[in-house]
Each structure stands twice: as structure tokens, then as C-alpha cells.
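Counting in full-length UniProt numbering, the sequence shown runs from 1 upward without gaps. C-beta atoms are modelled at their ideal positions from N, C-alpha and C, and glycine is treated no differently. One structure is given below, encoded as C-alpha cells.
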Amino acid sequence: MESNAVVVYRYNYITLGSKVVTLECSNAYSHSIVQVEVFVTNQCFSPDPIFDRQYSKQAKPMTVLNSEPAKLVTRTVIKCTDIKPNFTWAIKVVKNDSILPFEYPHLDYLTWERGQLEPDLYRFSLNISFGREHDFCWLSEMIYVRVERAPLVADIQGGTRKTGDPHAIVDARTGSYDRIMGYGNNEGLAFTWSCRTYNSTSVQELLSLESAASPGSSVPCDRISTEIEAGKRQLNISDDVQSMGFLFEVAVSYDDLTSNATAHVQFIRGSLNTEIVCILNCGMKVAVSSKLVLNVTCDRCTQEPSATVIYVWKIFKVDNSTNGTKVEISDTNIFEKTDTSIGRGAVIKENALEGGQTYRVEVNVTLLDDHSNGFAAREFRTNCPPWGGNCTVTPLQGNVMTDSFSMACTGWKDEGFSEDANSTSDGDEESLLLAPLIYKFLLRRYNTIFPIAQGGESKMPRIMLPYIPGPNNSEHELVARIYDPWNDFIEVSQPIKLYANDSSSSLENTLEFWYGQVSYTNRSSNLEKQMKSLTIASSLISTFVTDYFISMVRIRGEDAKNLSGHGLTALAEGLSMILLNPATTSPDSLESTIEVIEMATESLRTMYTTKPYPIFENLKESISAMTALLDRIIAASVPSYHIADGRGIVFNSSDISEDDKNFIQESLGIVSAIKDQEKIKLIKKVLPKLEETLHAMYDSLLAGMVVSQVPETVERGGISLMASKMTGNDLNNSTIVADPKTVLLEIKSDGDKASDPNSEVVVKATVYTQNPYAWSSDSSSYNITSPVVRVDLQDNNGTRVLSTLSMTIKRGAKVPLPSLGSFLSNDTRGGFDNLLYHRLHDYKTEGEHLQSTESELELSSDDNTTTFKFLVPAGVLKVGAGMVGFYVAESNETFAYKYLSFTDSCHVWDENNHKCPQLPLLPRQCAPVIIHQAWPLPAPSWCRPTLSTSSLFSPKFDPNNASVYGTLIGLLLVWVLGVVWARRQDKKDKEKWLVGYLKDNLVGENYLYLLTVHTGLKRGSGTKSSVSFVLGGSHADSGIRVLSDGKRTLETGSVMKYIMTAVSCLGHLDYVRIWHDNSGGYQAGWFLSRLDVEDLQSGQRYLFMCERWLAVDKDNGVVDRVVPLAQQDEIMSFDRLFSEYTKIGITAPTCGSPASCVPRPAPSRVCSGSRVVWSCCC
């Protein structure tokens, strides 16, 4: 070759991303190596690998257990989303290079169930390809997977125990199983027993003899017991034996697998029959990262209703190197309740025990009535969670519009199924690194968790993240949880910052990308991956997508019946994000969401009824997500509890009579009432289904609980859950915190002798901050806006009605009252008696005249004001409309005052008659209430707000810090000026948000339309020209109308509302023709974003989307346009969503946005002053 020769070498990469090309040139005299980095791309795929490439070599496969279902999901992002790609999967057995017969899906994921793959080494491959539409482009990768068999589980129920029953059962059948077949499926298991007897008189002596290697007497098991079925034996102790100790050992076998279990049984004639039963965290090794929940059973303790029983729990650390020497752990903080003598259950807190150690839990049971006693113990070994690795996140901050994040975990070790502790396993580095681990990746912000990925791959797929709503900062956490085969885990978290750059280019690209991903996952992926796309898209697109996204999830609803805890959390959190704005949630979307929830509840029931209780699924996180979702549904379903009275309408007094004003106000009130009635029908329909789901959520919490355990609580949004198990005696002497901010419950038995004080009672308390019981048959529950408490009390079989208990409900925290309204005496004084009158909505006095006495008035005063409080007794006011009047002596001149009326009462829901009768109100609490198993009631709101002051600056002035003080004072002055300006803007905004009355409305026109005019945000979008329009319908058109109330103009970014009257209904609206006369001078042109029209009689809404200039010097110079009714595809188009998101992004109060003060969104509860504070504090 010549030195300047050009060599062309053609080759194809089958994978994407960073590559290194190496060229070696050599001859007899020299040798040269040239390396060049290249980055391989494809127009239809992201450069991400299909699988985690660290497992792409046979020498380092990904390890999974065949006792658990597993899934492979493509990690690469499909960019060509207009058509469905072709997915071709193949599984090859490496040892014989044969293709495994399998039902391969044509989707981007492959799932295999437990036991479906035999232990072996496999090579999974996936080819993704397109047809002619995208030039036949394709991508192919492989991953090696080693499938291992998990050992059998062997367990003898009850462990070490004392019994007085000469025919006690020793049961190894119930708790032993093959993990592939699952708990309870023990057919085919073989049990081989060996037995020893000891001349012991106590359990402690029996244990000491056995640990001291005392041989005891080896006896055939058939001599001391009878096998009643495979794995179960019954003791046969003769009548002359008063005490004897037994050691039972069993080898459980299936195929070529064997596991062993041991139990000590001390017989003492006449003693209590006691044993410890594991409820939660019941593996052959205990996971230290989860609670250990134990329960002691005692036959005579619960058979005698009036029995007084004392339980004393202790825990010991056992040193196996010194013949089982045990040392008591005196730190009672290991237990969830530090008083270890108050209950039949014990809960050892998570991360309270040391990994790789042996512990023994003992309980002494004493029946005080006859001084008989019992004893039981459970010895267990703790697992060592994964150790020695690390997880890194890239990048640590980014723009949710453009940046993707990844998290990679490397070097994590685990002893797997070995009994050894870490210190004795470190020699075999390779086996520790090959242990089967499962990685869960999550995005967390406060109590919201967004699941990202779960599986055996230790690197999180590179992904864009959603912005989770919360306080005004950008802090989030990326979390990795690394689980070992015993469901023990270590958590690694990394704080990250997410922000939004609302530049047009990034926003347009982002919305277009996620719109495509939503469509792709709907066709080609599973429900979990689809929910990730919908969640991220919903966090960016906040309008017009609710119905569309919910309909996509509903189509996949059947998949919700087979979700894992990870998938259930992803579904619930995703739906919560979609339903974030109640105003955009239609009844159809709510009903579809409830259908999905009902199917997802089946997944929840399957998980919490599975034994052993699935601590790996972390069901409390799923329940938290479902609670947030139910709160969203209730928020979108409950009535507004507000009847519009028309006071927000701007009337042109010269053009409208008082009769017309009253008619408009009454009409709007009727429309508002109709909408509330529709909501009442909706919440009545959906609430029973929601409460059925709530009961399943409670049962999930209760399934892993024991009597006297600290209650489990979940709080998300406006719903709080509290679940507890206790005895009847505990219930009678407890104060239950249903929600520390809202409600304390005191429940008493009132001396009910029929109730068993030792029986198990389940308490479920739900606190709703919004009243979902507005649908009473007599309207007695309507307009109740305080928190509502629902309490369910059941015995341990779930059926007994506890009808004789009473409950006192107290406010858990003080609640501020509504603001006092300001009035002038001349405006409210009227009538012959010269009283100051105020209307009481929905009440009247039935002709009675209530007069106050000095004892009924509560008086307080300071230097400037005097405050009077007047209580109208319950039962005086009746349903209807009434007035309250009061007289101020010797004050005939005009004066200003403030006034507020509110109700303060307690109601109870009558489940049988669907009514909410009011109870007499006692000072500071609700009266005792008779409980009928399940009943809700509003929490009272009588507590006055409290104010506190504190010194803001040090009273001493330090001259050395004069420059600092000067800077602070300067900043404070700037801030004060900003707030003053903002308050002025607020006053202007309030005028803009009022509903205008078109100045050309005619007397006698009684059909009402509400017009909402959206002016664009572009510079100069507002106009001072005279705007006219014609609204065309299927029956008639409106004629030429003037779009003005005679007082306000159409300003840039404004959202103006007007009442338009017509002689009769125009029918189905088809178009609007709109124009102006170009008379506005330098503000002649106008950019019309859209016009919304609502028929106030039928509630039908029509959208006319323009997004064009009406200007002679802009666009195409047209000032007269005909805008047709928008169709669904136009509303859901990308350009439309992009435009709406841009408008919301500019007006929303976000950190880092200098424009967040101007303009204020219309209408917004966040005043400009608050927005100034937010902007200054970000």
C-alpha cells in the first residue's frame, strides 16, 4: 500500500451507541494501530441498548430464580412511533444451542412465570424491525440469563413451645413448600422424621440440654407420636407422664432438593398450650430491613371471655460458637412498643437487628385466674442484606423537557441462600457477585413514589422523568433498592434537581416525543410501561388530555388484574397525575377510572392473601398511591357546595333593569344547583365502589398486623387511613388517632357485658377532608364542608355488629374560621326596626324572632374593636331562606363593621335511611354517638385559630454589620414595593375575572349563554377595537352582537367572561363569525386564542379554536374570520396541547421563571403578592 492510499471498509453495527474502531496495519518492517471513536445512531431508535449490556457475555449472565416470575423489557426508545414495529424474540438453551419452544409475544417485553424455565443458562435475543415505511431499519441484541432453583422451605409450625395437651399436633406440612408451587401446595413433598426425648421439666431446661449436646434418647417417632397425614404427627403421651421434652427433626424432600426443620416441644400436664406464629417476614431467614411480626396463640386465654392474661416478651442473641449461649437484649426499642407486657403480639422494628446472627424470641403467658402459665419461643437467623456496592446517577440535575437520567448499580454482593454471614463468605467473590438480586428503581418526592424499573438488570434504563407536584422547589430523589432472595434490601438514594425550561423549541420537541411514546406504548408495550409514558406526559401536558389518557388506560384495564406491587403503584400514581386537575375530569373519565381501580383491586387482593405475606411487594406504598388516586376521584366528584348568586356579574346599570338582574342571578343559581345535583348523583354512584376498594386496602394493611400493634396509617391528599387490631378491653381504654391534624377518637363500651374483652376487634378509620356523603335523601348532608370520619368496627370474623359502643370525636388541631366580611351600616340597615340585616342561606326562622340576652352574648374587646358572638341553638333554624338582624345602640351614623356567620355542629350518617341527622353539641366535643358497625360523621370545627408572634430581628444593633443591615433593608424595601404593586394588580385582576353582561342584551331574552374569550399571550395581542360576532346554531343564529360589557377591554393574555342572552335556544352550535372595526389605533389588531361557549341551561360546552390574528398588519391581513366548532382530534392535536402548555407554563408560579409574576393566570387563587414572594424565594 502507498502511504497516501485510501482504504474503504464497509461494515454494519447491530447495536447502537459509542464504539471504538481499531485498524491494524503491518508488513515485514512495521506495525501500526489506529483507533477511532464513533457514535452509531439510527433514525428509529435511541442509542440506548435493548438490554443491560453488562450481561451480554456468557461468562457474566444475569441470575434469576425460577421460583419468581420475571420479565425482560426493551430499554431502547422507539422514535418511529407512527407504526407498530416488529418484535422477534428467541430463547436459546446454551448447553445444546437449541431454540426453546415458547409462546413468543409480538411486543417489546417477554415474561415467564415461575417454574416455566428449568434451571440452566439461556440466551435471550430480540430483533426490532420496521418495514418499508422506515427503510427496513432494524436493531438486534442478546442477553445471557442463568436460571437457578431456590431451595425448599421447611418449617414446623409453632417452633419451640410448651403444651399441656398430650395429643398436641406437630405440623411440618402446613408451612413447608416448594417455592415454585407456592405456600400451601405441598403435594409431592416427602417428610422424613427423627425424634429424641429428654427428661426435662421446663422449656428452658430442654433447650439447655439440647444446646449442651446432651444426646437425650433417640426413639422411633412412631413410639411417641402418630402420623395423621404426611408431614403431621400427633403426640401420644401416656397418662402417667407429668412432664417430658421432645425434639422433632424433619427432612423435607422434593425431587433432588432437601431442607430441614427442628422443633422443641415441652409437655407439662395442665399447662397452657402456647405457640408463636409468624405473621410477617416468615422466611427461613429473617429480612432485617422489614418488620418481624409475631403472634402467640393460647387455647384457654381466648376461650374464657373474662380471663385476665399477661404476656411478657423477651429477645435474646444466641452465640452458636459457645453452645448456644444466649444474652438478653435489654434495649426494648427493638420492639415497636417498648412496653413488652401488654399484648399477645410482638413487632420487631425494621433494621433493629444485626444481619447474619441468631436470635431467640420468647414469650411467657400467665393466666391470672388460675395462675397457669405457658411458654413459647422462636429461634431464627437474620439475613445479611446486599452489601459492598454503589449506585451512581447521571446527571444530578436536568431539564424535564430535554434531559434523560440513568442510575447504575455495580459491585453488590450477597450470600444468596447460604447460611453464612458476610465475614465467612468474602472468600468466594465470584459467587457473591453472581447471587440473584432484584433491582427496583424509583423517583421519590415526599410521600409520592414513581416506579421506573424493576428486574434483575442493575442499571436503570435511561429515561426522562416527570416533575412530581409539590412545594415550590425542584428537589427529587432517585432511589435504588437492591433485594436479595430473602426479600431483604438495601436502599441507595441520590438527590437530584428537576426544572422546566419552557423554551418553545424544547417544549415542542418534548410534547411531540411524549405524544408519540404514549401512542407507541399503547400498541406495543405492557400497562406498566404505558403508565410511565402517561405519567410523564401528564406532568407536562395539563389540559385536554384527561379523557384521552384515561380511555387508553381503560382499554388495557384487564391487565390491571395481574399487577405486581410495583405495577400497582405505577398505575395508581399515574392515574393520580392524569386526574390532577378536577376541572378537566369528566364523569366518563371518573367512571372509567373506577372500573380500572376495581380490576386493580383484584391484584391487591391476590397479593395480600398470598402466604407468606409478600414483603417484597411493599404493599404500603401501593396503598399510599391508591389513597392519592381515591382522593383525586372524590375531589372531582363532590359538589362545589356553593350556589352562585350572581354577585360576580358586572352589570351595565343604564341598560338593565333590576328585574333582569334578579332573573340573571336566579338563573345562574339554578345552573349552579343543577351542576351540584349532577355531582351528587355522581358521588352517590361512585362512593360505594370506592369504599369497597378502601376495604381491600384496609385488609391489606391488617393482613400483616397483630393485636395491640401500633396502628398503621396512610395519608395522601385529602384522605387519611388508620387500621388497628386490638382487644375489646384495649378498645375501651384507648384514644385512637385517626388523623393527628383532624380527629381523635375515644371509644367506650358503656359497660356492655356481652362483649368479650379478650376478643379481637378490627378498627378502620377513614378521614375525608371533602364530604363524599352529600347525597342524603333529605339534603341533611349537603353543604357540610368539614372533615368526615368513617369508622368500621368488626370482630375477628368480620361480621359481628358492635352496637353498644359509643364514641367521642375531638378536633385534633385548631382550624381557622373563614374571613370576616366588611360592610357599611347604610348598606345593610333596613326595615321598620332599623336593624342591620344579613341573609342566612338555606335557613329561615319560621316566623320566630330570636332576641339575644346578655348571657347569650360572648364579648371581647381591645383598644380599637369590640367583638360579639351570638349562638343560635340547634333546631331553631329550618330549611329555607332567612335573615338575621342586629341592632347597634346609639349608632345612627354610617359606620363600618365586619360580620361572619357559620355553623358548628356534629352529624352522623344513617346508613339505612341515607340521612345525616344533627346531634346536640356539647362544649368542645361531639356528643357520644351510638356506633352501628360502620358510620361516617363530619368532624366538628369549633376551635378558634391561635396567633403567635416572635421577634424577627435582634434588639441590639451591631455597627460592624451596617452594610449587611443596609442590604437587608434595601431588599425589604424592594420587596414591599413589589407587594404594593402586586396588590394593585390583584384589584385589576378581580375586575377582569368578573362575569360581564353584554351591553346589547335585550329585556325579555331569557336564554343564557356564558362566553369565555381567551386572548393570546403574544405581544400586542389585546385590542381596543370594537369586536362583533355572530354565533350560529342548528336552530338559529344570535344575530350581530357586540363583544363588550361597556366597561372592560380585551387585554393581552386575558380570559374574559360574558353573559349573552337570546330569545330561545340556538340549537347545536356550529360556528362563530367574529370581526372588529380596526378602530383601536395602535392597539387595533387582536390575537384570538379561542372562544368557549357554555349553554347555561343544558350545561353543553362548545369550543371554537382560532389561534389567529385579526389584524390588517399581521398574519394574512384579515380582520374577519369564521371559526368552526372544534373537533376531538383538533382539541387533542399536538399543536393545541403545545399552545395550552405554553400558556400555562408562562403564567404558572414556578421557580426560576422571572415572568411568574406577570401575567397572573386567570383566574388563579395565587395572588400576585404570593407570586412575588415565590419569585423572590426561588
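Cβ-Cβ distance between residue 79 and residue 102 below 9 Å: no
Own chain, CB closer than 6 Å to residue 174, minus 5 neighbours either side, in chain order: 157
Cβ-based neighbour list, residue 254, same chain, cut-off 8 Å, excluding 5 preceding and 5 following: 152, 178, 188, 189 and 190
Ranges of the beta strand (DSSP E) found wholly within the stretch 245-291, counting only runs of at least 3: 257-268 and 274-280
The stretch 719-735 / the stretch 350-361 touching (three or more Cβ pairs under 8 Å): no
CA-to-CA distance, residue 37 to residue 23, given in whole angstroms: 12 Å
C-alpha gap between residue 908 and residue 583, whole angstroms: 30 Å
Contact set for residue 1158: own chain, Cβ-Cβ below 7 Å, skip 5 residues either direction: In this prediction, residue 1158 scores a pLDDT of 43, lower than 50, which makes its location untrustworthy; no coordinate-derived value is stated.
Meets three-Cβ-pair contact criterion under 8 Å: the stretch 82-99 and the stretch 459-474: no
Cα-Cα separation between residue 312 and residue 415, rounded to whole angstroms: 35 Å
Expected contact under 8 Å - CB spacing of residue 1068 and residue 1028 to nearest Å: Incorrect: roughly 22 Å between the Cβ atoms, too far for contact.
Euclidean distance between Cα positions of residue 236 and residue 285: 32 Å
The beta strand (DSSP E) enclosing residue 761, as first and last residue numbers: 760-768
Three-state class that DSSP yields for residue 636 in the structure shown: helix
Residue 348 - DSSP class collapsed to helix/strand/coil: strand
Sequence-distant residues of its chain with Cβ nearer than 8 Å to residue 279 (five each side left out): 293, 294, 295, 345, 613, 704, 705 and 706
The stretch 11-22 in contact with the stretch 43-57 per 3-pair CB rule at 8 Å: yes
Ranges of the alpha helix (DSSP H) found wholly within the UniProt domain "PLAT" (1007-1124), counting only runs of at least 4: none
Three-way DSSP call (helix, strand, coil) for residue 51 in this model: coil
Residue nearest to residue 335 in terms of C-alpha spacing, selected from 776, 827, 710 and 1088: 710
Same chain only: Cβ atoms within 7 Å of residue 531, ignoring 5 sequence neighbours per side: 570, 571 and 574
Interface flag, residue 566 vs chain D, CB-CB below 9 Å: Judged by its chain identifiers, the structure shown contains no chain D, having just a single protein chain.
Proximity test, residue 474 beta-carbon vs the ligand GDP heavy atom, cut-off 8 Å: Although the ligand GDP was asked about, the structure shown includes no ligands whatsoever.
Same chain, Cβ closer than 7 Å to residue 1114, neighbours up to 5 away in sequence not counted: 1085
Span separating the alpha-carbon of residue 40 from that of residue 432: 35 Å
CA-to-CA distance, residue 118 to residue 219, given in whole angstroms: 40 Å
Under 9 Å between C-beta atoms of residue 63 and residue 386: no
Under the three-state DSSP convention, the category residue 945 falls into: Low per-residue confidence applies at residue 945: pLDDT is 26, beneath 50, and the placement is therefore not dependable enough to give any value.
Cβ distance (whole Å) where residue 372 is taken to contact residue 257 below 8 Å: Incorrect: roughly 42 Å between the Cβ atoms, too far for contact.
Residue 270 versus 330, 202 and 717, residue with shortest Cα-Cα distance: 202
Cross-strand partners of residue 295 (DSSP beta bridge): 277 and 345
Proximity of residue 568 and residue 637 at Cβ, strictly below 9 Å: no
Rounded separation between residue 1100 and residue 56 - CA only: 58 Å
Rounded straight-line distance, which links the Cα of residue 275 to that of residue 547: 55 Å
Buried versus exposed call for residue 488 [16 or more other C-beta atoms within 10 Å across all chains shown]: buried
Through-space distance from residue 554 to residue 595, alpha-carbon basis: 8 Å
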